[in-house]
Every structure is written in C-alpha cells, then in structure tokens.
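Numbering (the numbering used here), first residue to last: 44 to 487.
Ideal Cβ positions, reconstructed from N, Cα and C, are used throughout, including at glycine.
Heads up: the structure comes next, in structure tokens.
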Amino acid sequence: MADVNLNVGGTIFQTTAQTLTKFPDTKLGSLKKNFSMDNSPTTFFFDRNPDVFNSILDLYRTGELHFPSYFCGATIRNELKFWQIDKTYVSECCLESLYRYDDEMGILSEIKSLQERKVLDIPEDECREGCPRDFLWRLLQYPETSRKASVFSVVYLFMVLLSTSILFISTDPDLRQPIGSTENATSSNDKTLMYTHTSVPTSIWIIDISCGIFFTLEFFIRVMVTPQRWRHFFCCPLNVVDVIVITAFWMFNCMVHVGPVFLHRKTFSFLVMILASARLLQLCRFYRFMCRFSSFDVINLAARASVGKFGILIALFTLSNLFFGYLIYYVEFDQRDSFNNAFVGFWWAVVTMTTVGYGDIVPTFFLGRVVAMLCALTGILILAMPIAIVTSNFTLYYAKLKQYTMHRKESKQKENCKKKEKKKKKNLCKTVSPISVLSVKPIR
C-alpha cells in the first residue's frame, strides 16, 4: 500500500497505510478513506506534540503502547483522547505514568481544601481591610500576616507552656502550703487530703489565674470577631475543647477553695478527678497553635492518608494477640499461678507484642518461652509497618505541599505586582493636574 506522511507539529513521520489500518477504531485508522489510490504518498497534518506521537505510532507498528516515565499523566490522557485510543492499550509497565496523575491530583486537592478551610477572611461587606475586627482576627489567627501577629503567637505559646507547667507543679505535695490541720481527717486517700488541707503558693496561684484570664479573653475575642457563624464556630472540635478547658479551669479553682467545706470527701475526690482531667485537655492548645503553620499540615495529611492502612494493621495486631493469648494459656496449662485464664494471656500478649514487658506475668515452661519469642518477633514486625507507611506518606505530602506553597507564593507575588502597578497609575492620574482652558472674550 501507499506510504503515508504524518506532519505532527512540524515533525514528519513516515509509515504505511497498512500499518495505520491495524486499529481502525482510532483516529489514524479512520484515515483509510482518505488514502491515495495511485500509491502516491499521502500527507496529513496534525497540530499535536511530536514527542508523544512517537509512542502513539509505535502502537501501530508493534501493537504495544509505551510512554517514557517523564511524561505527565495529563499529557498522556489528552493525547490518547485526541487520537481516540483507549486506555486499555497502555502496557502494564507504563500504568504508573498514566495513573500517577490521579494520585497527585488527589493529594493536591486535599492540600488545597485544607488551606482553604484555614483561610477564613472577614467579607469586605462586613468589615473593610484595616478595621479593628479584621485586625484582631488576623492577629489571633494568622501569625504570618504581620509582626504583631507573630509576637502574639509567641506569647500564646509561652502562656500555654506556663499554664501546663503550673498544672503539673500543683500536684507536688512538697511545694504546697498547709491551710488546715489533718489530725481529724478521716480520708484514707493522701491525694484527697492534699487538696483539702493544702494549697499552692500565692505566687503560683496568681500566675495560674492570669493564664486563665488570658485564655478566657482570647477565646471570647475570637468568638466576637470570627467570620464564621457561631453555630459553625462551636462545631469545631478545638473550639469545643476550649470551652471545656475554660469551664473546667474556673470550676476547679472555685471547688478547691469552697468544695472541702460543702462537699462530701468522696464527691470532692470524684469532682477533682473529673475537672483535673478536663483541664489536661489544654494540651490541645499546642495542636491549635501548630495548626496555624502550613508545615504542620503535612503531619495531618499523612495521618489521614494512613488511617485506612492503620485499621488493617490494628485488626492484624488484635488477631495476633488473641492467637498468642489463647495459645499461651494452654501451653502453660499445667503451671500453677500462671495464666489463670485466656484474658490474662491476652493481656500478656499485648504487653509482649508492644515490647513493653511489665514482667508481672511470665511463662515458665519451655514451650511457653518459645511462644513468647514468637509473640515478641511478631509484634516487632507488625509495629514496624506503621512507621514505614507514615514515613512514605509524610515524604510524599511534604514534597507536594512544598511545591504548592512555592507556586502559590509566586502567584501572590505576581498579583501584588499588578496591584502596585495599578496604584502607581492611579497616583499618576491624581498628580497630573488638568490643563486650564482660558476663555477669551471678544473685543467690541
């Protein structure tokens, strides 16, 4: 059959009509009706990428479709769509180049959605740029917007560290001061006696109250200036934690001073345990502080991407614990005072597989020790998998976030340059005064 010349983006490719008719359902195969009948060469022009067309033409020559690994998945898909070639023709060794595009776009969409959720600006119709509400919101929420916001973020972190330190210092009985006699105390719990008959020094109490006032004011200011509706604001888990911590803080301080007089000791101990545990949620403020920085988003994204795989590993870990816990019970069946039931064996398997090894229960029989070695090795293998999964996801998301941040930064710089040019043009129009036109009266 006649030769066919294909001009693709200025590059000439020469083949035969017989080669192109191997796949009649494609664009090149449908050119059969336009071939010359007198065996003279026929020329067709396509304004497409000639580099990709090398791989496309090889499909008609060899029956296999391969693409270089450096081609973007979007480019490959666009070319396949134009040449009307189905994706199923792509060889298995090149599927990574084809479908890597989907994975990368999925990661970028997650990064974009996370960044968009973090950016909550006040609408211009409610508050113009530079008004007190806009200033306070950016001061509290965006440390990178100004030097004042950066200073406030440092102060916020310092207050979180200070309040957390006081939370732990207040539990040291050597630092507390007695406020009453313990001679008539009937409670057998020394911790309850410590809270009922001792108090922290006045200086520490003042610092603690100052931290509580700071976080209370900061929370209420955020409530007043937030661009969100209050319903959405209080649905945020971190804001709910703030409400719990602030409420527990003031209730705890009131109860410590008033509770021993009006409450029963058991009730007082129970309330101290509940409120003190609720106050410990203030550690979530570290998370809230770190969420203000884009680099911390990598950990969140990597953790979300690993949740599904963690579920499988947790199920595998649980099944292994059940297996070794039940097995060790019967292996140590003839041993007295060792593994009284399978539940004790399950507890022993969890402690062994996590390499904690409390030593409260140990196998004494030879076969029991063999089972213990197998249990420990299995635990090491299972627990090593999450580390590899999180590390790979962290590396992947970090690279994509870095690329997205750089691209976004360049786009913002370009927009700022355009705004500056517009301002310069406006200033020039204002400075240039209009030419005054003199009116000349005719002489009579």
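Could you name the residues of the same chain whose beta carbon sits closer than 7 angstroms to that of residue i, not counting the 5 residues immediately before and after it, in chain order?
i, result
"residue 345", "433, 436, 437, 440"
"residue 57", "46, 48"
"residue 221", "240, 241"
"residue 132", "102, 108"
"residue 179", "264, 268"
How many angstroms separate the CA atom of residue i from the CA atom of residue j?
i, j, result
"residue 341", "residue 316", "35 angstroms"
"residue 253", "residue 183", "18 angstroms"
"residue 196", "residue 260", "15 angstroms"
"residue 192", "residue 427", "41 angstroms"
"residue 404", "residue 414", "14 angstroms"
"residue 150", "residue 443", "7 angstroms"
"residue 467", "residue 454", "20 angstroms"
"residue 231", "residue 310", "Here residue 231 scores only 48 on pLDDT, less than 50, and its place in the model is too uncertain to base an answer on."
"residue 448", "residue 143", "21 angstroms"
"residue 295", "residue 282", "20 angstroms"
"residue 388", "residue 214", "36 angstroms"
"residue 395", "residue 429", "18 angstroms"
"residue 393", "residue 347", "25 angstroms"
"residue 86", "residue 51", "10 angstroms"
"residue 153", "residue 417", "41 angstroms"
"residue 445", "residue 460", "23 angstroms"
"residue 262", "residue 312", "29 angstroms"
"residue 203", "residue 188", "22 angstroms"
"residue 366", "residue 314", "41 angstroms"
"residue 124", "residue 185", "44 angstroms"
"residue 201", "residue 462", "38 angstroms"
"residue 219", "residue 308", "20 angstroms"
"residue 359", "residue 96", "48 angstroms"
"residue 362", "residue 199", "45 angstroms"
"residue 244", "residue 194", "30 angstroms"
"residue 147", "residue 140", "11 angstroms"
Using a Cβ-Cβ cut-off of 6 angstroms (strictly less than) and excluding sequence neighbours within five positions of residue i, which residues of its own chain qualify?
i, result
"residue 118", "none"
"residue 480", "Model confidence at residue 480 stands at a pLDDT of 45, short of 50, so the residue's coordinates are unreliable; what they give is reported in the following sentence. So the list is empty, once near-sequence residues are dropped."
"residue 350", "none"
"residue 333", "339"
"residue 451", "none"
"residue 84", "46, 48"
"residue 331", "281"
"residue 89", "51"
Quick one: using the 10 Å Cβ neighbour count with 16 as the cut-off for buried, is residue i buried or exposed?
i, result
"residue 126", "buried"
"residue 320", "exposed"
"residue 273", "exposed"
"residue 458", "exposed"
"residue 470", "exposed"
"residue 401", "exposed"
Can you tell me where the alpha helix (DSSP H) holding residue i begins and where it ends?
i, result
"residue 239", "233-240"
"residue 262", "245-268"
"residue 46", "No alpha helix (DSSP H) contains residue 46, which is instead part of the beta strand (DSSP E) from 46-51."
"residue 125", "116-125"
"residue 378", "Where residue 378 is concerned, there is no enclosing alpha helix (DSSP H), given that its DSSP letter is neither H nor E."
"residue 184", "175-184"
"residue 61", "60-63"
"residue 191", "190-212"
"residue 315", "308-322"
"residue 327", "327-333"
"residue 105", "93-105"
"residue 395", "385-396"
"residue 340", "340-348"
What span of residues does the beta strand (DSSP E) with residue i cover, start to end?
i, result
"residue 87", "85-89"
In its own chain, which residues sit with a C-beta less than 8 angstroms from the C-beta of residue i, not counting the 5 before and 5 after it?
i, result
"residue 228", "Low confidence applies here, because residue 228 scores a pLDDT of 49, under 50, leaving its location unreliable and the question unanswered by this model."
"residue 167", "For residue 167, the predicted structure reports a pLDDT of 49, less than 50, and the residue's modelled location is therefore unreliable. A value from the coordinates is still provided. Nothing meets the Cβ criterion."
"residue 67", "73, 75"
"residue 398", "419, 422, 423, 426"
| message | Does the stretch 404-422 come into contact with the stretch 373-381, if we say contact requires no fewer than three beta-carbon pairs (one atom in each stretch) closer than 8 angstroms? | response | yes
| So does the stretch 103-111 actually touch the stretch 130-149, counting three or more Cβ pairs closer than 8 angstroms? | yes
| query | Touching or not, the stretch 203-221 and the stretch 320-329, by the rule of three or more beta carbon pairs under 8 angstroms? | reply | yes
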